[in-house]
Structure formats: C-alpha cells, structure tokens
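For the sequence shown, this note's numbering begins at 85 and goes up steadily by one.
Where a beta carbon is used, it is the ideal one built from N, C-alpha and C, also for glycine.
The structure displayed is predicted, hence computed values, not measured ones.
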Amino acid sequence: MLQDFRAGIGKHGKWLVVLIAIPFAFFGVETLFFSGASVEEVARVDGERISRLELEQAVQRQRSFLLQRFGDIDPAVIDEEMLRGPALESLVTTRALANRARAEDMGVAPELIARVLKDAQLFWIDGKFSQDSYLVYLRQMGYTPQTHNRFLAREILVSQLARGLTQTAFVTPPELSRAVAILEETRDFSYLSLPLGELREEVEITDAQVEQYYRDNAEQFTIPERVVLNYVELSEQAMATEVVVDDEAVRARYEDRVKAAEAASQSIVAQIFVRPQEDGSHTEKLERISRALAEGEAFSVLAATESEDPLSAENGGEIGPYVPEDFPPRLREVIEGLEIGAVSTPVETDQGWHILSLVREDRPEVAPFEEVRDELRAEIAAEKAREQFGEQLAQLEELAYTSADLSIVAEQLALPLQVSEPLTRSGGEGLGADPKVLSAAFSEPVLDEGYASPVLELATGRAVVVELKERHPPTVQPLEVVRAEIVEQMAAERATALAGERAAELRKRLDAGEPIAEVAADADLEWHAHLDVGRYDQQFDRALLESVFSAAARGSLPISGVVARAEAVDVFQVKAIHPGQLEALPEARQRELQQALSGARASREFNAYEELVVAAADVEVREMSDQSR
C-alpha cells in the first residue's frame with residue numbers, strides 16, 4: 085500500500101502530459117521523411133501501419149525527454165538503438181488504445197487540435213503563436229501539417245480515453261481509514277549510538293594483517309585492462325564552421341521565408357451559435373444578438389455569453405483558421421464573402437443558426453533581414469554540412485575497410501588523427517563514455533586482430549572510426565601504494581564488527597527490561613528519546629527511521645533493534661505505536677490522501693486495461709532492413 089501511495093503522489097500518466105515538447109535540434113529525421121522511411125513499415129496494429137519515420141520521430145521524442153529530464157547528461161551517452169524498442173512498444177500501445185477509443189465512438193474536434201497548437205509555447209515568439217516556428221518544427225521533425233495533426237489527434241484521443249478511465253477510480257472510507265492508520269502512524273522511541281570513530285581507535289592492525297588482506301583481495305587493487313584508441317571523427321557541426329555561404333544565398337533564403345509566411349497566412353473564423361427551439365424562441369435571441377452587434381458590442385463578448393457552442397464560446401467564439409473543406413458549403417459561401425472584422429447575418433444549417441465573423445488574419449511575422457542574416461547563414465551552412473557529411477560518411481566507410489591504418493584514412497579525408505584518453509571496459513572520459521565506442525574498442529577484431537572498427541554513428545551528424553593504439557593489461561597496484569587505503573578499510577570493517585557485537589549485548593539488556601538510560605550510562609554512551617515521530621520526519625537519519633518503522637507492530641512493546649549507519653551503530657527501542665486517525669487530519673490533508681490513493685488505484689487499473697487492449701489487438705512487428713537501423 086505504501087508503494088502504491090508513493091506512486092500515486094507522482095501520478096502523471098504517460099497519456100496525460102503535454103505532447104509538444106521536442107526541441108528543434110533534430111535534423112536527422114527529415115532525411116528519413118524524404119526517403120523510403122515514410123512508407124517503410126515497422127509494425128501494424130489492427131491493420132493500421134506504423135512507418136519507420138514514425139518510429140524515428142518517437143525515438144527523438146524519447147531522446148528529447150531524457151535530455152530535458154537530466155539537463156547535465158552528455159547527449160553522446162544516449163544510445164538511440166536502446167530507445168527503439170520502448171519507442172515502438174509505445175507506438176503500438178498508443179495505436180491500440182486509439183483504435184479502442186474510436187470503437188467506442190470517441191473523437192477529437194479539429195478545433196481542439198488547433199487550440200493545443202496555439203497554446204503550445206514551443207511555437208511562441210514575442211508572446212504569441214508563430215506560424216513560422218511551427219513550420220520549421222514540422223520540417224525538421226519530418227511532419228507535414230496533416231501528419232502532425234493526425235499524430236496530435238491520436239495522442240489527445242488516447243489521453244481522453246485514459247482520463248475517462250482513471251477519473252472513475254475511488255477509495256472507500258474504510259480503505260482510506262486503513263491507509264491513514266499506516267501513513268500517518270507515529271511512534272515513540274529511544275536510541276543510543278556507538279560512534280565508529282571512537283571504536284576505530286581500539287582497533288590494532290599489524291603489517292602482517294595488511295599483507296594478508298592485500299593478498300586475499302588483490303582484485304580490489306587491480307587497475308583493469310585499459311586501451312588507448314586512435315580515431316577519426318566526422319562531425320556536421322565542425323563541417324558547418326568551414327562552409328562559406330555567400331550573401332546572395334542568404335538573401336534568397338530570406339525571400340523564401342517571406343513567401344512561406346505569406347502562403348501560411350490564415351483567416352480566423354469565429355461564430356455565435358444558437359440552437360433552434362420548437363417554440364421559436366431562438367428567433368428572438370438571434371435578433372437580440374444582431375442588435376447588440378449593430379450597436380457596437382464586441383463579438384467575442386457576445387460569443388462568450390450567448391453562444392451555445394461551449395467549445396468556441398470560451399475562446400470568444402473562435403473556431404480556428406478558415407480551411408474551406410472543414411466547413412459546409414452554406415457556411416463556406418458566407419465566410420468567403422466576408423472581410424476581416426465583418427459580421428454575417430444569421431446563417432441556418434442542419435445544426436442550428438450561425439452568426440459568423442472573420443476576426444483577424446494570422447500572418448506569421450518575419451523578422452527584418454538584418455536580424456536573421458546570421459541565423460539564415462548558419463542554417464544554410466548546416467544544410468550544406470549535412471550533404472557533405474553524407475558524402476564523406478560513405479568515403480569513410482570505404483576507406484576504413486580498405487586502408488591499412490587510420491592515418492591513411494585521416495590523410496585521405498583531410499581530417500586529424502586523434503587519440504583518446506585511456507578507457508576500460510566500464511568506460512572512460514570523452515569518447516570512452518559512449519557505449520558504441522566501448523563495444524567496438526573491446527571487440528575481437530579491434531582488440532586482438534588490429535583492425536579498424538566499422539563506422540560508429542554516435543549521434544545525428546557525428547560518426548567515428550577507431551583502432552587500437554595502446555593496450556595495457558590488468559595491473560595490481562603495489563602494496564605500498566594502497567597500504568593506507570587497506571588500513572582505513574580494515575579499520576572501518578573491524579570497528580563496525582566490534583560495534584555490532586557491543587550493540588547486540590546492549591540490545592539483550594534492553595530486551596531483559598533494563599531502562600535505556602541505565603544501559604547507556606553503564607556503556608558511557610549518549611541516548612535520545614523522541615515522542616510522536618512520523619515515518620517521513622526529515623530530522624532523523626533515514627536508515628534509523630526506516631528501521632524504527634520496520635519493527636513489527638504485532639506483539640508486545642517495547643520492540644528493540646540494531647541499525648548500522650555510516651558513522652555509528654544504533655540500538656533503538658520502540659516504546660509506543662500510535663495509528664493515524666482519519667478524523668484527526670485536516671480536511672485538506674484528507675482530500676490529498678484520498679486523491680493520492682485514488683490516483684494509485686487509477687494507475688493500476690489503467691495499466692491493466694492497457695495490457696488487455698494490446699493483448700486483444702492484432703499486432704505485427706516487422707524486421708527492419710539493415711539500412712533502416
């Protein structure tokens with residue numbers, strides 16, 4: 085129950101998060117979009133395909149999440165191959181859940197997708213949505229507006245399904261009372277401590293004992309096998325710094341951006357919707373709204389108070405950009421006859437009556453050329469570097485396979501021959517921190533046969549080939565180098581053992597009924613007593629508190645125990661246990677616990693539902709070609 089409660093406190097289900105949070109720093113995906121990746125199938129769920137492009141996009145989302153979650157992590161240590169399995173599993177699960185939701189007649193309105201995009205601060209510039217930023221994002225992630233909308237619609241649909249299921253979870257009053265009895269339990273306890281520092285002074289260690297310890301534990305003092313590598317590296321980033329971009333190309337790119345902004349401009353449609361009534365009362369309402377508009381009252385204000393379409397009403401009547409195919413012919417005819425700011429007369433459709441307005445035209449802003457000149461130059465340089473990288477990567481693969489050593493490869497490609505820091509099988513600095521490099525460095529062809537490795541793609545736009553330069557076998561450090569370390573380690577072990585023996589004797593006296601004050605006084609030790617201590621009290625050492633609350637509540641009190649900590653061994657005695665009382669908690673705390681417990685149950689129930697849905701789905705996973713990996 086405690087574990088479920090802790091899980092409930094952090095209940096942010098994977099379907100209940102904002103889905104647009106990917107930085108713009110991924111350039112590899114768009115090359116997939118323009119190749120066969122958008123059609124190559126990696127899986128099929130209930131007859132619906134999942135393409136390799138979708139898989140690569142999912143991998144990049146997971147990579148982005150890791151980089152954002154662990155801000156100081158080196159991007160090079162993220163092995164994208166390790167992300168592919170979880171990413172594909174997530175895609176399959178999402179597709180199965182979305183299919184189940186549609187089978188239950190659930191759907192996502194286009195207006196909701198438009199609102200999600202508009203509210204995504206990722207695309208904001210100067211405090212408002214930037215169509216230009218959005219288009220850049222789509223291009224770099226390999227989406228079209230249509231495929232991205234489908235992605236969002238599917239994720240929102242699954243989120244709605246998850247919320248519909250998880251929000252029904254509840255806990256009964258007896259369950260809540262039992263949980264509170266445990267979670268809010270307090271205990272009265274006393275303890276005394278045997279400081280290890282003082283006991284170390286009693287420990288005597290001879291030279292013979294040190295030598296014996298050194299012989300018995302030689303593996304602890306062995307420097308593992310180390311290698312030093314020669315390597316040649318290709319880097320898009322380094323190539324981009326060498327690319328020369330003329331002013332004419334920069335100006336042409338700016339003109340393209342201006343044309344794209346003009347093409348992306350959209351007229352935003354708003355409506356006030358009134359449903360027909362059998363008694364004809366809607367006619368009076370329409371006339372009242374029309375009079376108010378004629379008298380100058382704001383369209384958005386009237387939409388918020390009078391419109392019977394709650395989804396658009398709360399947004400001042402706005403239903404999104406005007407896309408002709410999204411509107412029925414009657415409304416399309418009226419909208420196309422309006423100017424910006426104009427309001428139509430009431431228009432009847434099968435659903436009801438619509439008063440329409442073109443409230444504004446959203447046109448992406450393009451900064452002055454002088455402000456974006458350097459950005460455009462860098463963008464063009466990055467694109468050219470990407471092309472060069474692909475060409476040189478093919479050359480690197482061929483030369484690494486045919487050349488006698490990497491110095492020839494480096495000379496042919498005009499690249500420096502670099503030398504790594506020493507690294508072991510468990511890693512090293514710089515290049516040695518990458519799992520792919522470690523795997524190659526200690527492979528039989530590189531380590532034993534002297535061959536160069538295959539090309540290792542460490543990240544998008546970065547690849548290396550390595551070969552062995554130096555190999556150092558495992559070496560046992562001389563005794564004199566590690567003597568002080570051994571003495572310190574032996575002293576700590578013996579002091580802990582001695583403290584454990586004395587703690588056991590002191591505990592026996594407590595169990596025999598002697599007061600802890602007398603036991604502590606006889607041993608010349610300090611002791612402490614505490615009342616009504618909660619299990620999450622921050623002022624106590626965690627190891628001590630966990631041991632105190634782990635002592636079984638069954639049986640007679642007091643209960644004693646021994647716990648070893650970093651600097652001391654404690655003997656404790658639990659004197660009283662006070663179960664938490666639901667009625668004693670403030671109402672706010674009761675609600676907090678109830679929500680956390682409901683969340684934990686909801687998470688378990690949805691996970692079980694998710695497993696059932698996936699198990700019932702017709703799932704086929706295909707082997708990807710070597711070129712796809």
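**Message:** Considering Cα atoms alone, identify which of E467, T231, S441, V220 is closest to Q321.
**Reply:** Looking up residue 321 in the sequence shown gives position 237. With distances taken between Cα atoms, Q321 lies closest to E467.
**Asked** At what residues does the alpha helix (DSSP H) containing D300 begin and finish?
**Response** As a position in the sequence shown, residue 300 is number 216, starting the count at 1. Note, D300: alpha helix (DSSP H), 291 to 300.
**Item:** Boundaries (first-last residue) of the alpha helix (DSSP H) holding D216
**Value:** Start at 1 with the first residue of the sequence shown, and residue 216 comes out as number 132. Note, D216: alpha helix (DSSP H), 215 to 225.
**Prompt:** Among all the DSSP beta bridges, which residues are the ones paired with A182?
**Reply:** The residue labelled residue 182 in the question sits at position 98 within the sequence shown. BP columns for A182 are empty, so no partner.
**Asked** So what's Q205 in DSSP terms, helix, strand or just coil?
**Response** For this step, residue 205 is matched to residue 121 along the sequence shown. Looking at Q205 - three-state DSSP - the assignment turns out to be helix.
**Asked** Alpha carbon to alpha carbon, how far is P519 from L480?
**Response** Counting from one through the sequence shown, the residue named residue 519 turns up at place 435. Counting from one through the sequence shown, the residue named residue 480 turns up at place 396. Straight-line Cα distance between these residues: approximately 21 Å.
**Prompt:** Since A524 is in the alpha helix (DSSP H), which residue starts that stretch and which ends it?
**Reply:** The residue given as residue 524 occupies position 440 in the sequence shown. Unbroken alpha helix (DSSP H) run through A524: 519 to 525.
**Prompt:** Quick check: the segment 680 to 690 against the segment 247 to 261, are there 3 or more CB pairs under 8 Å?
**Reply:** yes
**Asked** Residues in its own chain within less than 6 Å of S351 by CB, not counting five upstream and five downstream?
**Response** As a working note, residue 351 is residue 267 in the sequence shown. Cβ neighbours of S351 beyond the five flanking positions: Y406, L442, E445.
**Prompt:** Which one or two residues does DSSP pair with P557 in a beta bridge?
**Reply:** Translated into the one-based positions of the sequence shown, residue 557 becomes position 473. DSSP lists no partner for P557.
**Message:** V358 and W437 - do their beta-carbons sit closer together than 7 Å?
**Reply:** As a working note, residue 437 is residue 353 in the sequence shown. As a working note, residue 358 is residue 274 in the sequence shown. In contact: W437 and V358 (Cβ atoms closer than 7 Å).
**Asked** On the premise that V530 lies in contact with L732, defined as a C-beta separation below 8 Å, what is that separation, rounded to the nearest angstrom?
**Response** The first residue shown for the chain is 85 and the last is 713, placing residue 732 beyond what the model contains.
**Message:** Can you find the residues in the same chain that come closer than 7 Å, C-beta to C-beta, to A411, ignoring five residues on each side of it along the sequence?
**Reply:** If you number the sequence shown from 1, residue 411 lands on position 327. Reading off the sequence, residue 411 comes out as Phe, not Ala. Cβ neighbours of F411 beyond the five flanking positions: I419.
**Asked** Hey, out of G131, A345, S510, whose CA is closest to A180's CA?
**Response** Working through the sequence shown from its first residue, we reach residue 180 at position 96. Looking at the Cα atoms, G131 is the closest of the given residues.
**Message:** Less than 7 Å between the beta carbons of A382 and A397, yes or no?
**Reply:** Start at 1 with the first residue of the sequence shown, and residue 382 comes out as number 298. Start at 1 with the first residue of the sequence shown, and residue 397 comes out as number 313. Taking 7 Å as the Cβ cut-off, A382 and A397 do not qualify as a contacting pair.
**Prompt:** Exposed or buried, what is V342 when buried is set at 16 or more other beta-carbons lying within 10 Å of its beta-carbon?
**Reply:** Along the sequence shown, read from residue 1 onward, the residue named residue 342 stands at position 258. Exposed is the call here.
**Prompt:** Counting Cβ pairs, one atom from each stretch, are 3 or more of them under 8 Å apart for the segment 667 to 685 and the segment 604 to 618?
**Reply:** no
**Request:** For S365, count neighbouring Cβ atoms within 10 angstroms of its own Cβ and tell me buried if that reaches 16, exposed if not.
**Result:** Counting from one through the sequence shown, the residue named residue 365 turns up at place 281. Classification for S365: exposed.
**Request:** Output the distance between the C-alpha atoms of P448 and Q215, rounded to the nearest integer angstrom.
**Result:** The residue labelled residue 448 in the question sits at position 364 within the sequence shown. The residue labelled residue 215 in the question sits at position 131 within the sequence shown. Distance between the alpha carbons of P448 and Q215: 5 Å.
**Item:** Spatial distance of Y297 from G597 (CA atoms)
**Value:** Here residue 297 is taken as the residue at index 213 of the sequence shown, counted from 1. Here residue 597 is taken as the residue at index 513 of the sequence shown, counted from 1. Distance between the alpha carbons of Y297 and G597: 41 Å.
**Prompt:** Quick one: Cα of L116 to Cα of T544, how far?
**Reply:** Within the sequence shown, numbered from 1, the residue matching residue 116 stands at position 32. Within the sequence shown, numbered from 1, the residue matching residue 544 stands at position 460. Summary for L116: the model assigns pLDDT 37, below 50, so the residue's position carries little reliability, and this model does not support an answer.
**Message:** Which same chain residues end up closer than 6 Å to G112 when comparing Cβ atoms and leaving out the 5 residues on each side of it in sequence?
**Reply:** The sequence position of residue 112 within the sequence shown is 28, counting from 1. Residue placement at G112 is flagged as unreliable, the pLDDT there being 38, under the threshold of 50; the coordinate-derived value follows with that caveat. Same-chain partners within the cutoff: T544.
**Request:** Return the CA-CA distance between M85 and I162, expressed in angstroms with no decimal places.
**Result:** By 1-based counting over the sequence shown, the position of residue 85 is 1. By 1-based counting over the sequence shown, the position of residue 162 is 78. Confidence at M85 is low in this model, with a pLDDT of 34, below 50, so the placement of that residue is unreliable and no value is reported for it.
**Request:** Give the DSSP-derived three-state secondary structure of I373 in the structure shown.
**Result:** The residue you call residue 373 lines up with position 289 of the sequence shown. Reduced to three states, the DSSP call for I373 is helix.
**Item:** Range covered by the alpha helix (DSSP H) that runs through L629
**Value:** Your numbering for residue 629 matches position 545 in the sequence shown. Its alpha helix (DSSP H) spans residues 626 to 634.
**Message:** What residue range does the alpha helix (DSSP H) around D272 cover?
**Reply:** Along the sequence shown, read from residue 1 onward, the residue named residue 272 stands at position 188. Unbroken run through D272 is the beta strand (DSSP E), 270 to 279; no alpha helix (DSSP H).
**Prompt:** Got a sec, what are the start and stop residues for the beta strand (DSSP E) L615 sits in?
**Reply:** If you number the sequence shown from 1, residue 615 lands on position 531. Counting along the chain, the beta strand (DSSP E) containing L615 begins and ends at 611 to 618.
**Asked** Under 7 Å, do A536 and A478 count as touching if we go by C-beta distance?
**Response** The residue given as residue 536 occupies position 452 in the sequence shown. The residue given as residue 478 occupies position 394 in the sequence shown. For A536 and A478, no; Cβs fall outside 7 Å.
**Asked** Shorter than 7 Å from the beta carbon of A180 to some beta carbon of chain B?
**Response** This model lacks chain B altogether, as it is built from one protein chain only.
**Request:** Label E694 either buried or exposed according to how many other C-beta atoms from any shown protein chain fall within 10 Å of its C-beta, with 16 as the threshold for buried.
**Result:** One-based indexing of the sequence shown puts residue 694 at position 610. That one is buried.
**Request:** Just tell me which of R199, R649, K659 has its CA closest to the CA of L395.
**Result:** Residue numbering aside, residue 395 sits at position 311 when the sequence shown is read from its first letter. Taking only the C-alpha atoms, the option nearest L395 is R199.
**Message:** Within the continuous beta strand (DSSP E) that includes Q657, where are the two ends?
**Reply:** Within the sequence shown, the letter at position 573 stands for residue 657. From DSSP, the beta strand (DSSP E) with Q657 extends over 652 to 662.
**Request:** Could you give the DSSP three-state label for D702: helix, strand or coil?
**Result:** Here the question's residue 702 lines up with position 618 in the sequence shown. Three-state result, D702: coil.
**Asked** Out of F213, Q665, V703, R578, which has the shortest C-alpha to C-alpha gap to L283?
**Response** Position 199 of the sequence shown, counting from 1, holds the residue named residue 283. With distances taken between Cα atoms, L283 lies closest to R578.
**Request:** Reducing DSSP to helix, strand and coil, say where Y315 ends up.
**Result:** For the purposes of this step, residue 315 is taken as residue 231 along the sequence shown, with counting starting at 1. Y315: strand per DSSP, three-state reduction.
**Request:** Taking T580 and A648 to be in contact with their CB atoms under 8 Å, please state how far apart those CB atoms are, rounded to whole angstroms.
**Result:** Reading the sequence shown from its first residue, position 496 is the one you call residue 580. Reading the sequence shown from its first residue, position 564 is the one you call residue 648. That belief holds up - the Cβ atoms of T580 and A648 are roughly 6 Å apart, short of 8 Å.
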